[in-house]
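Working notes for the structure below.
Number of protein chains: 2
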Amino acid sequence: MDRFLSSATNKIDTKGRVSVPAHFRSVLQKRGFVELYALRALDVQAMDVGGPDLLDRYEQRIALEDPFLQAADDMSFFVHGDGSFLKLDQDGRITITDFIREHTGIGAEVAFVGRGLFFQMWEPERLKAHAGAVRSRLLKLRQQASEARAAALPES
Amino acid sequence: MDRFLSSATNKIDTKGRVSVPAHFRSVLQKRGFVELYALRALDVQAMDVGGPDLLDRYEQRIALEDPFLQAADDMSFFVHGDGSFLKLDQDGRITITDFIREHTGIGAEVAFVGRGLFFQMWEPERLKAHAGAVRSRLLKLRQQASEARAAALPES
DNA sequence: TATTGTCCCATGCTATCCCATGAACACGTC
DNA sequence: GACGTGTTCATGGGATAGCATGGGACAATA
Numbered sequence: 011m012d013r014f015l016s017s018a019t020n021k022i023d024t025k026g027r028v029s030v031p032a033h034f035r036s037v038l039q040k041r042g043f044v045e046l047y048a049l050r051a052l053d054v055q056a057m058d059v060g061g062p063d064l065l066d067r068y069e070q071r072i073a074l075e076d077p078f079l080q081a082a083d084d085m086s087f088f089v090h091g092d093g094s095f096l097k098l099d100q101d102g103r104i105t106i107t108d109f110i111r112e113h114t115g116i117g118a119e120v121a122f123v124g125r126g127l128f129f130q131m132w133e134p135e136r137l138k139a140h141a142g143a144v145r146s147r148l149l150k151l152r153q154q155a156s157e158a159r160a161a162a163l164p165e166s
Numbered sequence: 011m012d013r014f015l016s017s018a019t020n021k022i023d024t025k026g027r028v029s030v031p032a033h034f035r036s037v038l039q040k041r042g043f044v045e046l047y048a049l050r051a052l053d054v055q056a057m058d059v060g061g062p063d064l065l066d067r068y069e070q071r072i073a074l075e076d077p078f079l080q081a082a083d084d085m086s087f088f089v090h091g092d093g094s095f096l097k098l099d100q101d102g103r104i105t106i107t108d109f110i111r112e113h114t115g116i117g118a119e120v121a122f123v124g125r126g127l128f129f130q131m132w133e134p135e136r137l138k139a140h141a142g143a144v145r146s147r148l149l150k151l152r153q154q155a156s157e158a159r160a161a162a163l164p165e166s
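Protein sequences, first through last, are from chains A and B. Residue numbering for the first sequence is 11 to 166, as defined by the working numbering. Residue numbering for the second sequence is 11 to 166, as defined by the working numbering.
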């Protein structure tokens, strides 16, 4: 399978290195990514990590904004300014830079989360909080959908 | 028969492995699945397990959303971050990872429940509690229906 | 000279392969 | 009907390969 799936939490060692989960590495290889880009996620405290296509995706997003408005400029500044390359060493580890720590709050451990075409790196506790919020939003969505269907029916 | 039907509880061995019920395995084989896709269910503490087609269905659903809105992001976070592939070993067993234990509370045994096109894995006690809740909900529904019918009739 | 980043190797844990055991069950023969 | 035989299946365990992690050595940098 060639999608980033599942999640795992790995430790950062004394030198600031952390192993990228083996499954993610095999996806990277399968997709032919040599260079890894780490970008700040726009609305959460996490890093989005992926290949060159991730940059394209971000640029598409930014292009949606009116180029005369400040938002587009801010986004570009935010994303490109604090983006970075990550190099995998021979053992499949990356070094967590201060850039990454600042934006994510990552300290001793990194939580990796598959997102299909890319993956994310989180501070584990923040990930847990975010996951809870996502679940409650999705549950609400589901309830709204079933209520809408019930209302559409002539009668219960 | 190519549907997941009935339920069974199997033991997890000292290495964290558990046999997938033979009947389920034959369904999987009939459908040509080598890998399993397991998702931490949204509203219950169980894993929904099916073939990779389950993931495909979710991804098609996500594709309907505007990729830059929160809904799409939430859905992807859930489907990819809370999903994982499981491999059947040669003896038809899977290993219960912490990823699964965390969400389900599974400890020493796994209760498998057929759900037609997919099946679920539960912690046995929780399954029992859930089954009880489902039954009483259904009973209430039925009572309400018959009361409504009685009220609609002119009366005896 | 200190520091930082690679490379390389060691270690222990975990997942996987392969084989063994024993229980439940079906089938056929006496 | 009773008994043996074979099959299927859940379960256990030894051996091994893969993986996360720790640390030494060395080069590049400042």
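For every residue, glycine included, the Cβ atom is placed at its ideal position computed from N, Cα and C. Owing to the predicted nature of the structure, the values given are computational and were not obtained by experimental measurement.
Paired residues, beta bridge with residue i - DSSP
i: tyrosine 47 of chain A; result: A/Gly60, A/Phe95
i: glutamine 130 of chain A; result: A/Asp58, A/Val123
i: serine 29 of chain A; result: A/Arg103
i: threonine 114 of chain A; result: Per DSSP, none; premise fails for threonine 114 of chain A.
i: threonine 24 of chain A; result: Answer is none; threonine 24 of chain A lacks a bridge partner.
i: alanine 18 of chain B; result: B/Phe122
8 angstroms Cβ cutoff met for residue i and residue j
i: leucine 15 of chain B; j: glycine 124 of chain B; result: yes
i: aspartate 58 of chain B; j: glutamine 130 of chain B; result: yes
i: glycine 91 of chain A; j: arginine 35 of chain A; result: no
i: methionine 85 of chain A; j: isoleucine 72 of chain A; result: yes
Own chain partners of residue i with C-beta closer than 7 angstroms, once the 5 adjacent residues on each side are dropped
i: arginine 136 of chain B; result: Gln55, Gly115
i: leucine 148 of chain B; result: none
i: serine 94 of chain B; result: Ala48, Phe109
i: histidine 140 of chain A; result: Val54
i: serine 146 of chain B; result: none
Supposed contact pair residue j and residue i - C-beta distance, whole angstroms, cut 8 angstroms
i: glycine 126 of chain B; j: arginine 13 of chain B; result: 5 angstroms
i: glutamate 133 of chain A; j: lysine 21 of chain A; result: Not really, about 13 angstroms apart at Cβ, beyond 8 angstroms.
i: leucine 64 of chain A; j: phenylalanine 109 of chain A; result: 16 angstroms between Cβ atoms; not a contact.
i: serine 17 of chain B; j: alanine 121 of chain B; result: 6 angstroms
i: glycine 61 of chain B; j: phenylalanine 87 of chain B; result: No, glycine 61 of chain B and phenylalanine 87 of chain B are not in contact; Cβ-Cβ is about 22 angstroms, not under 8 angstroms.
i: phenylalanine 78 of chain B; j: leucine 151 of chain A; result: Between leucine 151 of chain A and phenylalanine 78 of chain B the Cβ distance is about 17 angstroms, and since that is not below 8 angstroms, they are no contact.
Cβ neighbours of residue i in the same chain (closer than 6 angstroms, five flanking residues each side left out)
i: leucine 96 of chain B; result: Leu46, Ala48, Ile104
i: glutamine 39 of chain B; result: none
i: proline 31 of chain B; result: Ala18, Phe122
i: serine 166 of chain A; result: Annotation note: pLDDT 46 at serine 166 of chain A (below 50); position unreliable, coordinate value reported separately. So no residue of the chain qualifies.
i: alanine 173 of chain B; result: With chain B covering 11 to 166 only, the question about residue 173 of chain B has no answer from this structure.
i: glutamate 157 of chain A; result: none
i: alanine 162 of chain A; result: none
8 angstroms Cβ shell around residue i - same chain, five flanking residues per side excluded
i: glutamate 69 of chain B; result: Val89
i: serine 29 of chain B; result: Asn20, Asp101, Gly102, Arg103
The segment 71-89 of chain A: positions lying closer than 9 angstroms to chain B by Cβ: Arg71, Leu74
Return the residues of the segment 44-55 of chain B that lie within a Cβ-Cβ distance of less than 7 angstroms from chain A, sorted by chain order. Glu45, Leu52, Asp53
Taking any Cβ of chain B, which residues in the segment 113-124 of chain A have a Cβ under 7 angstroms from it, in chain order? Val123, Gly124
Using Cβ-Cβ distances below 8 angstroms, what residues of the segment 11-27 of chain A are close to chain B? Met11, Arg13, Phe14, Leu15, Ser16, Ser17, Ala18
Interface positions of the segment 90-103 of chain B facing chain A (Cβ-Cβ less than 9 angstroms), listed along the chain: His90, Gly91, Asp92, Gly93, Ser94, Phe95
Interface positions of the segment 144-162 of chain A facing chain B (Cβ-Cβ less than 9 angstroms), listed along the chain: Val144, Arg145, Arg147, Leu148, Leu149, Leu151, Arg152
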